[in-house]
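If you count the sequence shown from 1, position 100 lands on 99 in numbering that gives the first Met the number 0, and the numbers rise without skipping. No residue lacks a Cβ here, since even glycine has one placed at the ideal position from N, Cα and C.
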Amino acid sequence: MALTLTKLLLFSFLVSSTILTAKSKLLTSKREKLTRFHVYMQEKISRSNATVVTVAQAATTNPSATSFGLVQVFDDALTVGPKMSLKNLGRVQGMMTFASQSEVALSMSMNFVFTEGRYNGSGLTIVGRNMLSLKVREMPIVGGTGLFRLARGYVHTITYSSDPNTGLLVLVYDFSVYHY
Ligand SMILES: *[C@@H]1O[C@H](CO)[C@@H](O)[C@H](O)[C@H]1NC(C)=O
Ligand SMILES: *[C@@H]1O[C@H](CO)[C@@H](O)[C@H](O)[C@H]1NC(C)=O
């Protein structure tokens with residue numbers, strides 16, 4: 000009886016010390032760090048080679064002043080600067096829903112997919128509200144993959160240029176992201 004109790008105590012001590020070691024390794028092996036960078040997103044709105052398409056709308060969307068109910072999907076270029084170059088970083092893919100009846104406000108879910116440069120193979124996911132009347136819009140970064148595992152943070156985005164002749168819309172995204 001006494002022996003069994005001793006064994007049991009020893010066993011539970013071993014288990015808890017293993018768990019403690021594993022936990023402290025996880026906490027000390029890597030420090031969370033803040034990374035800031037800005038990138039450009041280029042959206043072709045024009046009919047030829049458009050990078051954004053309308054996939055759904057309600058019968059009441061057209062008469063709505065805020066395009067309420069419109070759902071669009073995009074696959075835009077992600078670049079280091081405001082112009083297309085050989086140094087394109089990847090794609091920005093996602094969906095936007097015109098989700099307000101009183102102002103033009105989008106509900107966004109988007110993935111920044113890096114296929115070149117320092118973050119090649121990694122990704123960041125943004126989910127949030129994008130109120131177009133604001134000069135600077137803020138949205139939450141809810142996660143990431145690769146170098147951005149366990150990411151959290153926010154982005155500020157502004158419209159850099161909008162050219163009705165070429166149908167090209169260029170946006171700047173300023174990232175402030177915590178990750179390991
Ligand atoms: C559309 O894409 C094709 C193939 O990449 C290209 O040859 C053409 O010039 C593009 N058209 C416009 C208007 O950008
Ligand atoms: C990006 O990563 C992919 C997959 O690992 C690799 O095939 C490709 O060569 C890389 N591109 C650059 C520019 O490093």
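Bridge partner(s) assigned by DSSP for residue i
i, result
"Thr-34", "Val-176"
"Ala-55", "Val-70"
"Tyr-217", "Here the chain covers residues 0 to 179 and nothing more, so residue 217 does not appear."
"Ile-44", "According to DSSP, Ile-44 bridges with nothing at all."
"Ser-39", "For the sequence presented, residue 39 should be read as Tyr rather than Ser. Bridge partners of Tyr-39: Thr-78, Val-171."
"Leu-146", "Its beta-bridge partners do not exist; DSSP assigns none."
"Gln-92", "Asp-74, Asn-110"
"Thr-158", "Leu-170"
"Leu-104", "The amino acid occupying residue 104 in the given sequence is Ala; Leu does not appear at that position. Its beta-bridge partners are Met-130."
"Thr-65", "Thr-65 is not bridged to any residue."
Residue i CB to nearest heavy atom of ligand 2 below 6 Å
i, result
"Glu-115", "yes"
"Gly-120", "yes"
Under 7 Å between C-beta atoms of residue i and residue j
i, j, result
"Met-40", "Leu-170", "yes"
"Ala-104", "Met-130", "yes"
"Val-141", "Leu-77", "no"
"Val-72", "Met-107", "no"
"Met-43", "Gly-166", "What sits at residue 43 in the sequence shown is Lys, not Met. Against a cut-off of 7 Å, the Cβ pair of Gly-166 and Lys-43 comes out as a contact."
"Val-126", "Ile-157", "no"
Contacting residues, own chain, Cβ-Cβ under 8 Å from residue i (five flanking each side not counted)
i, result
"Gly-143", "Ser-121, Gly-122, Leu-123, Thr-124, Leu-149, Ala-150, Val-176, His-178"
Beta-carbon contacts of residue i that lie in its chain and below 6 Å, excluding the five residues immediately before and after
i, result
"Ser-160", "Val-169"
"Gly-152", "Ile-140, Ser-175, Val-176, Tyr-177"
Residues near residue i by beta carbon distance below 7 Å, same chain, minus five either side
i, result
"Asn-119", "Phe-113"
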